[in-house]
Amino acid sequence: MHFCYRRKTMSAIKELVALQKIDLQLQDIESLLGDLPKKVEALVNEEKELTDNVENAKARLKELGLELNKCDSSIDEIKVKIDKQKDQLFLVTNNKQYDALQLEIDHSKKEMDDLETKSLELSEEKENLEEETKSNEENLGSLSTDLIQRREKLEVLMKESSEEKAILEKDRKSQVGNIDANVIVKYDTVYKARNGLCVVPVNGSACGGCGGFVPPQIVSEVRAEKGLHNCESCSRFLYYDS
Numbered sequence: 001m002h003f004c005y006r007r008k009t010m011s012a013i014k015e016l017v018a019l020q021k022i023d024l025q026l027q028d029i030e031s032l033l034g035d036l037p038k039k040v041e042a043l044v045n046e047e048k049e050l051t052d053n054v055e056n057a058k059a060r061l062k063e064l065g066l067e068l069n070k071c072d073s074s075i076d077e078i079k080v081k082i083d084k085q086k087d088q089l090f091l092v093t094n095n096k097q098y099d100a101l102q103l104e105i106d107h108s109k110k111e112m113d114d115l116e117t118k119s120l121e122l123s124e125e126k127e128n129l130e131e132e133t134k135s136n137e138e139n140l141g142s143l144s145t146d147l148i149q150r151r152e153k154l155e156v157l158m159k160e161s162s163e164e165k166a167i168l169e170k171d172r173k174s175q176v177g178n179i180d181a182n183v184i185v186k187y188d189t190v191y192k193a194r195n196g197l198c199v200v201p202v203n204g205s206a207c208g209g210c211g212g213f214v215p216p217q218i219v220s221e222v223r224a225e226k227g228l229h230n231c232e233s234c235s236r237f238l239y240y241d242s
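In the working numbering, the protein residues as written are 1 to 242.
Structure follows, in structure tokens:
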């Protein structure tokens, strides 16, 4: 479909081009502001996660220390117990007592082996966790410094973008006031349908938006700024970029 508007014929298309420029800038700012809060939040979450990891690791290291001390104490107690049981072997008077005591010794040895295995596992976990915690603390120090700087930059950019957005919105309101209301309705419709790109130049005999063919007569009128014209394929407003 071809649309042609005759009001304010010499300036209307220039007004639309100016409006388009403002709207594209607003679109860029909206896109930027949409990402910034997420970026700040991601940085904060990264710092919190690393801090929590360090705190949890320190708590676990404390638990491991207590468990290792308990294991060592139990192992020492069992060693003393085994020594006493071995001494008692020389005091038994029959095979039945000897065998019973030997079973107790074997049981104590098995219990001590289990504790020693557990102690080794705890010691290995403690050593690995200490290395990981040391690394995380070093990373947290540099990350915290980096986060402070990055958050400050992002917050400044957000403030500047918000201020720029307010100025552009004021300019847009003023610009819309210079354009026929019916044209604005059409402009808004095309803007939504074409993701913001609704005023495009004519490239030879083709629409600068969709590449659709523009008849020579329309191209001539667009060049001469005789009325407002829309591409018959995509409905975008056409102008001549001199």
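Note that beta-carbon positions come from the ideal geometry of N, C-alpha and C, so glycine has one too.
The structure presented is a predicted model; accordingly, all values stated were derived computationally and were not measured.
Taking only the alpha-carbon atoms, compute the straight-line gap between residue i and residue j and give it to the nearest angstrom.
i: Val202; j: Cys210; result: 10 angstroms
i: Leu91; j: Lys70; result: 32 angstroms
i: Ser123; j: Asp113; result: 15 angstroms
i: Tyr239; j: Gly212; result: 14 angstroms
i: Pro216; j: Val222; result: 10 angstroms
i: Asp243; j: Ser135; result: Limits of the chain in this structure are 1 at one end and 242 at the other, which puts residue 243 out of reach.
i: Lys8; j: Lys226; result: Because the pLDDT at Lys8 is just 44, under 50, the model does not fix this residue reliably, and the value given afterwards should be weighed accordingly. Their Cα atoms are separated by approximately 10 angstroms.
i: Lys247; j: Ser73; result: The chain is shown from 1 up to 242; residue 247 falls before or after that span and cannot be answered.
i: Leu16; j: Val156; result: 32 angstroms
i: Lys118; j: Arg60; result: 16 angstroms
i: Asn94; j: Asp106; result: 19 angstroms
i: Arg194; j: Ser174; result: 23 angstroms
i: Phe3; j: Asp28; result: Because the pLDDT at Phe3 is just 49, under 50, the model does not fix this residue reliably, and the value given afterwards should be weighed accordingly. Approximately 29 angstroms between the Cα atoms of the pair.
i: Asn178; j: Glu169; result: 15 angstroms
i: Ala42; j: Asp241; result: 43 angstroms
i: Asn56; j: Thr133; result: 10 angstroms
i: Lys192; j: Met158; result: 25 angstroms
i: Gln97; j: Leu115; result: 27 angstroms
So residue i and residue j are supposed to be a Cβ contact under 8 angstroms. How far apart are they, rounded?
i: Gly297; j: Leu24; result: Residue 297 is absent from the structure shown; the chain starts at 1 and stops at 242.
i: Arg151; j: Val40; result: 6 angstroms
i: Gln85; j: Glu111; result: At roughly 12 angstroms, the Cβ-Cβ gap does not stay under 8 angstroms, so Gln85 and Glu111 are not in contact.
i: Val214; j: Cys231; result: 7 angstroms
i: Ile22; j: Asp171; result: 6 angstroms
i: Leu101; j: Gln88; result: 6 angstroms
Just to confirm, are residue i and residue j a CB contact at a threshold of 8 angstroms?
i: Lys165; j: Leu26; result: yes
i: Ser108; j: Ile78; result: yes
i: Asn228; j: Ile13; result: The sequence as given places Leu at residue 228; Asn does not occur at that position. Cβ atoms of Leu228 and Ile13: closer than 8 angstroms.
i: Leu19; j: Val200; result: no
i: Thr51; j: Leu120; result: no
Inset, instruction - Tell me, please, whether the stretch 205–225 touches the stretch 171–182 by the rule of three or more beta-carbon pairs shorter than 8 angstroms. - result: Because the criterion of three Cβ pairs below 8 angstroms is not met, the stretch 205–225 and the stretch 171–182 do not touch.
Inset, instruction - Ignoring anything shorter than 3 residues or poking outside the stretch 177–234, list the beta strand (DSSP E) runs there in chain order. - result: If we require 3 residues or more, the beta strand (DSSP E) runs fully inside the stretch 177–234 come out as 199–203, 228–230.
Legend entry - Meets three-Cβ-pair contact criterion under 8 angstroms: the stretch 125–138 and the stretch 59–78: Remark: three or more beta-carbon pairs, one from each stretch, lie closer than 8 angstroms, so the stretch 125–138 and the stretch 59–78 are flagged as touching.
Inset, instruction - Assess, as a yes-or-no matter, whether the stretch 38–58 is touched by the stretch 146–166 under the definition of 3 or more beta carbon pairs within less than 8 angstroms. - result: The way I'd put it, the stretch 146–166 does touch the stretch 38–58; three or more beta-carbon pairs between them come closer than 8 angstroms.
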